[in-house]
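All letters in the sequence shown, in the order written, are residues 277 to 774 by the numbering used here. For reference, the structure discussed in these notes is given below.
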Amino acid sequence: MVNKEILRLENITKEFPGVKALDGVSLQLCAGECHALIGENGAGKSTLMKIVSGLYQPTSGKIIYEGRETAIKNEKHAIDLGIAIVAQELNPIPVLTIADNIFMGHYPKGYMPGFIDQQKINKITQQYLDEFQMPFKPTTKLSKLSVSQMQMVEIMKALDRKAKVIILDEPSSAITDKETELLFSHIERLKRDGISIVYISHKMDEIFRIADRITVIRDGRWVSTKNASETDINAVIAEMVGRSMGDYIQRGEKNIRNEVALEVKNLSHNTLFKNVSFHVNKGEILGIAGLMGAGRTEVVSSIFGMYGRQSVSGDIYLHGEKVNINMPRDAIKRGLVMISEDRRNVGIIPRLTIRHNIGLPNMDMFAKHFLVNTKTEKESAESSSKKMRVKANSIDVLVSKLSGGNQQKVVLAKWLVRDISVLIMDEPTRGIDVGAKSEIYNIMSELAREGMAIIMISSELPEVVGMSDRVYVMGEGEIRGELVGEQITQENIMRMAV
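Dropping the structure here:
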């Protein structure tokens, strides 16, 4: 790692009305390093990066950029200085070409005023595409690209603006393991070129693979900055939340009953999976593990009725009774619900309140002859959100204002209004911080103790090992094995998966 300093933040404080979001945070970034910035949701990571990228102005403190005290006036000023951010929620323009997405807002001038030198931008774009080993033409519409490829285009855009500092906010939250590996190789190349990376992520394994140094902030305050090689996951988590890794993944007391809640036999899809058979008991948390593309999500989606019955064969039994589930509505009526891995687009309606997010999927319970019993709806929403420990001033708060962990609790709350016996959770803690994960784990354990059968799909092996009573491992659309008790280890899971 090159030791030359490019950016230093000194005692940055940011106050909003009634809230001190940052309290004297300091951070140093060197040229050619990948510096991980971590902390729970609400710790102040985003606020700090919005100050660096010009969106916010600090209440007090100094920004030293390339050796000079600098006031970053706005986002354009940050870009002009060479500071770019690739946000978690990308803002591409899918109907435009790759070249247009890169050059939008700073097209090179053509030979005549008012004309764009299309040949030049296509030539430069092709050089970027070759450099990043992306098999596309500059004229390819962005809608043809995957999420990870769109991220690469955002990085190209930053490079074209001569960025010296690139902030990556949860860059791997919506991409596959293979795409993450490609992202890491590009980060290494950027580092070799002297470009500095600020890497924000909740995924500890990623951080320890890619980061040179790690800065932890908690409750708006700086906690520590250490070389990644001189610390470990347990130490970092303890600094983030004040407890060790073993403390936040704990099943605690169990109440598994010798009664099958759900069983599937020889479940097959025309193209996605074949001959899948398993069962889950009441009070049990069943883990389904495997690499990306193994068919885990596809199997549980078919059980929930997402694919209909035209392309799916096999038998599904609920509490010993064979059932036909042709659509999600059929599953829900029978007490089988699923929480999708895509919380933002499928699980919640961000622009609506907690109350309406809980009430809308359950209108059959609250409405009669097209009239809604608002009193019952409100009472149910309040009771369910209280049980899920949703942190909000009232149920009339917009869901978009909640942290990722509390949004996930709202998704849980909307189903627990009903009489549920089987709960499928696909990546239940994706994109939420360690403290919120602990709360989700506690809620899962409580529901299991009450007799609910839970099927959990997770790509985080510590989560699978810590929470599961049994684990089925999938690969290439098939179940490759079952693990029970002390057999459930990360090594055994990976051995079966690959």
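Backbone N, C-alpha and C fix where the C-beta goes; we use that ideal spot for every residue, glycine too.
Asked: From M582 to S616, what distance separates their C-alpha atoms?; Found: 11 angstroms
Asked: Could you check the C-alpha separation between D508 and V499 for me, to the nearest Å?; Found: 15 angstroms
Asked: With DSSP run on the structure shown, which of helix, strand or coil describes G742?; Found: helix
Asked: Identify the continuous beta strand (DSSP E) that holds Q304 and give its terminal residues.; Found: 295-306
Asked: When the cut-off is 7 angstroms and only beta carbons count, does I532 lie next to chain B?; Found: Any reference to chain B falls outside this structure, which holds one protein chain only.
Asked: Taking V698 as the reference, give the member of S553, V599, G611, I625 with the closest Cα.; Found: G611
Asked: With DSSP collapsed to three states, give me the class of M480.; Found: helix
Asked: Could I get the ranges of all uninterrupted beta strand (DSSP E) runs contained in the region 352-425, with 3 residues as the minimum, in chain order?; Found: 359-362
Asked: Count the other CB atoms within 10 Å of the CB of M277; is the residue buried (16 or more) or exposed (fewer)?; Found: Interpretation of M277 is limited by its pLDDT of 45, a score under 50 that renders its predicted location unreliable; no figure is taken from the coordinates.
Asked: Who pairs with V599 in a beta bridge, going by DSSP?; Found: I592
Asked: Using the C-alpha atoms, what's the distance from H555 back to E342?; Found: 60 angstroms
Asked: Nearest CA to the CA of E623: which residue from S505, E703, M516, K326?; Found: One detail in the question is off: residue 623 reads as Gly in this sequence, not Glu. Nearest C-alpha to G623: E703.
Asked: Can you tell which of R620, E767, R631, D695 has the C-alpha that lies nearest to the C-alpha of I708?; Found: R620
Asked: Skipping 5 residues on each side, what residues in its chain have a beta carbon closer than 8 angstroms to that of N649?; Found: F642, A643
Asked: Thinking S679 and I671 are a contact (beta carbons under 8 angstroms), I'd like their distance in whole angstroms, please.; Found: So it is not a contact: roughly 16 angstroms between Cβ atoms.
Asked: Under a Cβ-count criterion, where at least 16 other Cβ atoms within 10 Å of its own Cβ denotes burial, should A729 be classed as buried or exposed?; Found: buried
Asked: In this structure, how does DSSP classify N287 when only helix, strand and coil are distinguished?; Found: strand
Asked: Between which two residues does the alpha helix (DSSP H) holding G680 run?; Found: 680-692
Asked: Going by other Cβ atoms of all chains shown within 10 Å of its Cβ, with 16 needed for buried, is H382 buried or exposed?; Found: exposed
Asked: Three or more beta-carbon pairs under 8 angstroms between the region 588-601 and the region 524-543, yes or no?; Found: yes
Asked: Cα-Cα, which of D591, D606, M568, G569 is closest to F580?; Found: D606
Asked: Cα-Cα, which of I700, E506, I339, A319 is closest to R572?; Found: I700
Asked: Based on the DSSP secondary-structure assignment, which residues constitute the bridge partners of N557?; Found: V536
Asked: Excluding the 5 residues preceding and the 5 following T415 in the sequence, name in chain order all residues of the same chain whose CB lies nearer than 8 angstroms to its CB.; Found: T373, I374, A375, N398
Asked: Could you have a look at R706 and say whether DSSP puts it in helix, strand or coil?; Found: coil
Asked: Please report how far the alpha carbon of D745 lies from the alpha carbon of V474, in whole angstroms.; Found: 38 angstroms
Asked: Go ahead and pull the three-state DSSP assignment for L435.; Found: helix
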